[in-house]
Amino acid sequence: MLNSIIFYVFASVAILSAALMVTRRNAMHSAVFLITTLLATAGIFLQLRAEFLFIAQVILYVGGIMVLFIFVIMLVSLDTAVHQMQFARRKWVVLFIALALGFEVGFALWSTRGMPGHGLPVQMAAPADKLPPNSEALAGTLFHSYLLPFEIASVLLLVAMVGAVVMAKKRT
Amino acid sequence: MSPTTQALLTFLQTWWVEIVSGVIIVAVVPLIAGYIVLVERKLMADMQARLGPMRVGPHGLLQPIADAVKLLIKEDIIPDNADKVIFWLAPVISMTAALTAMGAIAFGPWFQVARDINVGLLFVLGVSSLGFLGMLLGGWASNSHYSLIGALRSTAQLVSYETAGGLAIVSGLLLAGTLKIRAIVNAQSNYGVWFVFLAPVAFFTYLVASIAETNRAPFDLPEAESELVAGYMTEYSGFRWALYFLGEYANMIVVGSVAATLFLGGWLRPFPNVHWLNWLDWLPALFTVVVGVYCVLRAGKQPVAIQTWFMWAVAFGCFAAAILLAAPMFITRLSAAQAGIHGAFWFLLKVGGYIYVFMWLRFTLPRYRFDQLMRLGWYILIPLAIVNVFAVGVAMILETEYGWNRWLALIVTTVFTLGAALFLVRVNDKHAEDAVSAPAATTDSYVE
Chain A
15 MLNSIIFYVF ASVAILSAAL MVTRRNAMHS AVFLITTLLA TAGIFLQLRA EFLFIAQVIL
75 YVGGIMVLFI FVIMLVSLDT AVHQMQFARR KWVVLFIALA LGFEVGFALW STRGMPGHGL
135 PVQMAAPADK LPPNSEALAG TLFHSYLLPF EIASVLLLVA MVGAVVMAKK RT
Chain B
19 MSPTTQALLT FLQTWWVEIV SGVIIVAVVP LIAGYIVLVE RKLMADMQAR LGPMRVGPHG
79 LLQPIADAVK LLIKEDIIPD NADKVIFWLA PVISMTAALT AMGAIAFGPW FQVARDINVG
139 LLFVLGVSSL GFLGMLLGGW ASNSHYSLIG ALRSTAQLVS YETAGGLAIV SGLLLAGTLK
199 IRAIVNAQSN YGVWFVFLAP VAFFTYLVAS IAETNRAPFD LPEAESELVA GYMTEYSGFR
259 WALYFLGEYA NMIVVGSVAA TLFLGGWLRP FPNVHWLNWL DWLPALFTVV VGVYCVLRAG
319 KQPVAIQTWF MWAVAFGCFA AAILLAAPMF ITRLSAAQAG IHGAFWFLLK VGGYIYVFMW
379 LRFTLPRYRF DQLMRLGWYI LIPLAIVNVF AVGVAMILET EYGWNRWLAL IVTTVFTLGA
439 ALFLVRVNDK HAEDAVSAPA ATTDSYVE
């Protein structure tokens with residue numbers, strides 16, 4: 015009962031602020047709503063006892079990336095941005111993407127029916143003390159099962175970082 | 019009984035300890051923050067050979083309450099072109115983050131709100147770092163140049179020094195082998211030594227980084243009065259300003275608690291495993307008795323009758339605390355309570371000592387220039403912290419795999435780290451000389 019209340023609160027906050035994030039004209043307001051979305055999603059992670067994922071989301075996305083976003087937005091003149099066109103009006107593309115996404119989610123829900131924990135409200139799969147510690151489970155997955163994709167992703171990020179530094183250097 | 023009330027009752031039955039502890043934290047921390055301000059003013063006065071606040075209450079003891087009332091009834095000014103909602107939201111974010119972070123901290127073995135959180139220390143760090151979103155948003159929403167520059171500076175500074183502080187904490191975590199707050203303290207109890215002695219470089223890196231993270235002098239660039247009026251809180255007044263202030267002091271308590279937990283042995287008394295030092299258990303009671311006796315001696319010398327009464331009240335409070343602290347020592351039935359009560363005393367003493375060092379440095383050192391601050395952070399502290407992580411790791415491998423004596427391994431690696439620090443300082447000095455001789459080569463957008 016309580017679990018589902020908490021889940022619905024987090025989920026509705028996440029969806030509502032995501033919608034507001036897209037529709038705000040002021041970039042700073044969008045950033046604040048994006049932070050709210052990220053925090054609400056982090057709250058759902060915490061409710062699923064994925065504590066490490068929760069804190070990684072808070073530290074990396076909210077404490078790191080969003081701070082840099084806001085840092086940039088602060089330096090931009092928002093008055094000119096307000097008068098520009100907000101949306102690219104390509105209705106058919108958007109409709110197609112929305113339908114594809116909806117189909118994907120629906121398919122995921124349909125194909126997992128009958129599994130434990132399927133559907134809403136969220137059920138706890140096992141009591142907390144029976145699960146392996148979350149950070150260890152995550153580390154095992156990342157460094158045993160998916161080591162190569164993980165390393166490739168980190169190399170990609172490194173390339174992006176070096177590229178950004180090179181581009182910033184060239185200008186001066 | 020409807021299912022909703024039923025669910026509510028079960029909820030309260032399961033979580034009442036946590037709820038009550040949370041309410042205690044939210045209620046007591048602002049008071050403590052007020053008194054930290056008073057202690058700071060008194061210390062500043064002492065170091066500058068004057069008396070400090072003396073008017074409100076005996077020795078100015080009621081000054082924080084008077085200040086709080088003053089701030090509450092002040093006019094609440096919002097600038098005309100400010101972004102009202104974000105202006106309203108920003109100080110609240112700052113304070114909420116600091117208070118939430120306190121939920122995971124163990125003030126003694128008994129008092130902790132979030133008991134079994136798996137990533138305890140990361141939770142404290144991550145949530146308290148949300149606080150600087152408050153500064154950033156507040157600085158932007160004020161629609162003022164001073165605020166904007168103050169907010170930009172504070173972000174640059176916090177992002178730089180959070181990295182150094184985080185890496186310093188990694189060194190400590192390598193020794194502890196866990197992120198759970200209680201398990202970290204228990205690990206120090208098992209080692210029989212505080213981690214500050216095993217990883218001194220990490221502790222001092224964290225000390226410097228935490229001063230910078232809480233925007234204290236000598237790193238108080240975001241609110242440098244002589245340059246930026248008051249930085250990101252220039253446009254704030256009255257109670258919103260008080261919320262920022264509260265957040266800042268609560269943040270000091272948070273970083274102090276992290277340092278006390280990870281490096282200073284948490285709630286353990288000094289030398290917890292040395293039996294002939296067991297008389298140290300009497301220190302908490304003795305300490306409060308001495309404070310109480312001092313209050314009694316001073317009570318007769320107060321100028322106003324009500325201040326005399328107040329002094330007596332403080333003295334009786336101290337004696338009551340002394341009885342509370344001493345009772346488990348006499349009555350064997352209560353000896354289980356000793357760990358909890360004394361643990362809280364030692365923990366708060368360590369946090370207090372840490373905050374005292376903050377104040378001491380504030381009144382001793384002049385403020386850094388912004389490029390100096392950035393240079394210290396990026397060229398010295400972060401490389402040093404990285405080297406130290408490696409050094410501590412090597413020391414642990416030497417101990418477990420090659421059977422070295424723990425102290426020998428740690429001394430060797432610490433000397434290596436200090437050598438690296440000297441090298442870094444040397445290189446940096448040379449770099450700074452080059453920058454002076456060819457200023458165009460290192461254009462720093464923050465150099466004024």
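From first to last, the protein sequence lines stand for chains A and B.
Each residue of the first sequence is one higher than the last, beginning at 15 in my numbering.
Each residue of the second sequence is one higher than the last, beginning at 19 in my numbering.
From the three backbone atoms N, C-alpha and C, an ideal C-beta is built for every residue, glycine too.
- Contacts with chain A (Cβ-Cβ distance below 8 Å) from the stretch 136–151 of chain B involve ASN136, VAL137, LEU140, PHE141, LEU143, GLY144, VAL145, SER147, LEU148, PHE150, LEU151, listed in chain order.
- Boundaries of the alpha helix (DSSP H) around VAL57 of chain B: 21–65.
- When rounded, the separation of the alpha-carbon atoms in ALA167 of chain A and VAL46 of chain B is 46 Å.
- Here the stretch 377–385 of chain B makes no contact with the stretch 152–160 of chain B; the two share fewer than three CB pairs at distances below 8 Å.
- Put simply, the backbone Cα of LEU113 of chain A is about 10 Å away from that of VAL107 of chain A.
- Following the DSSP letters along the chain, one finds TRP422 of chain B in no alpha helix (DSSP H), marked with neither H nor E.
- Counted as a single uninterrupted DSSP element, the stretch harbouring ALA132 of chain B is not any alpha helix (DSSP H), since DSSP gives it neither H nor E.
- Taking a cut-off of 8 Å for Cβ pairs, the stretch 254–261 of chain B and the stretch 329–349 of chain B do not touch, as fewer than three such pairs fall below it.
- Straight-line measurement puts the Cα of ALA51 of chain B at about 24 Å from the Cα of SER165 of chain B.
- Pairing ALA438 of chain B with LEU402 of chain B, the inter-Cα distance amounts to about 7 Å.
- In the assembly as shown, THR279 of chain B is a buried residue. Its beta-carbon has 16 or more other beta-carbons within 10 Å.
- Nearest C-alpha to ALA220 of chain B among B:VAL433, B:LYS448, B:PHE441, B:VAL445: B:VAL433.
- Among the residues of chain A, those whose CB is under 9 Å from the CB of THR173 of chain B are VAL81, LEU82, ILE84, PHE85, MET88, following chain order.
- Within the model, the alpha-carbon separation for GLN390 of chain B versus ILE359 of chain B is close to 44 Å.
- Residue state for PHE441 of chain B is assigned as helix, using DSSP reduced to three classes.
- Around ILE104 of chain B, the beta-carbon contacts reaching into chain A at under 8 Å are MET42, HIS43, VAL46.
- Contact between GLU65 of chain A and ILE135 of chain B holds: their C-beta atoms lie close to 6 Å from each other, under 8 Å.
- Taking C-beta atoms under 8 Å as the contact rule, GLY121 of chain B and VAL110 of chain B fail to qualify, at a distance of about 17 Å.
- Look at ILE49 of chain A: its C-beta is under 9 Å from a C-beta on chain B.
- For PHE434 of chain B, the three-state secondary structure derived from DSSP is helix.
- TRP425 of chain B counts as exposed, since fewer than 16 other beta carbons sit within 10 angstroms of its beta carbon.
- Going by DSSP, GLY274 of chain B is part of the alpha helix (DSSP H) stretching over 256–280.
- Straight-line spacing of the CA atoms in ASP98 of chain B and THR37 of chain A works out to 25 Å.
- Distance from the CA atom of PRO163 of chain A to the CA atom of TRP422 of chain B, rounded to whole angstroms, is 38 Å.
- Below the 9 Å Cβ cutoff, chain B contributes ASN136, VAL137, LEU140, LEU197 as neighbours of PHE66 of chain A, in chain order.
- Contacts with chain A at 9 Å (Cβ-Cβ) do not include PHE215 of chain B.
- Listed by position along chain A, the residues whose Cβ is nearer than 8 Å to that of ALA169 of chain B are MET88.
- Remark: C-beta atoms of VAL410 of chain B and VAL272 of chain B do not approach each other more closely than 9 Å.
- Boundaries of the alpha helix (DSSP H) around LYS102 of chain B: 102–119.
- Residues are counted here when their Cβ sits less than 8 Å from a Cβ of chain A; for the stretch 381–409 of chain B the count is zero.
- The C-alpha of MET329 of chain B lies about 11 Å from the C-alpha of VAL309 of chain B.
- With respect to LYS368 of chain B, LEU282 of chain B sits close: the two C-beta atoms are nearer than 9 Å.
- Among the residues of the stretch 27–45 of chain B, those with a Cβ less than 7 Å away from any Cβ of chain A are PHE29, in the order of the chain.
- In this structure, DSSP gives PHE237 of chain B a state outside helix and strand, which the three-state scheme calls coil.
- Just so you know, the alpha carbons of TYR53 of chain B and PRO82 of chain B end up roughly 6 Å apart.
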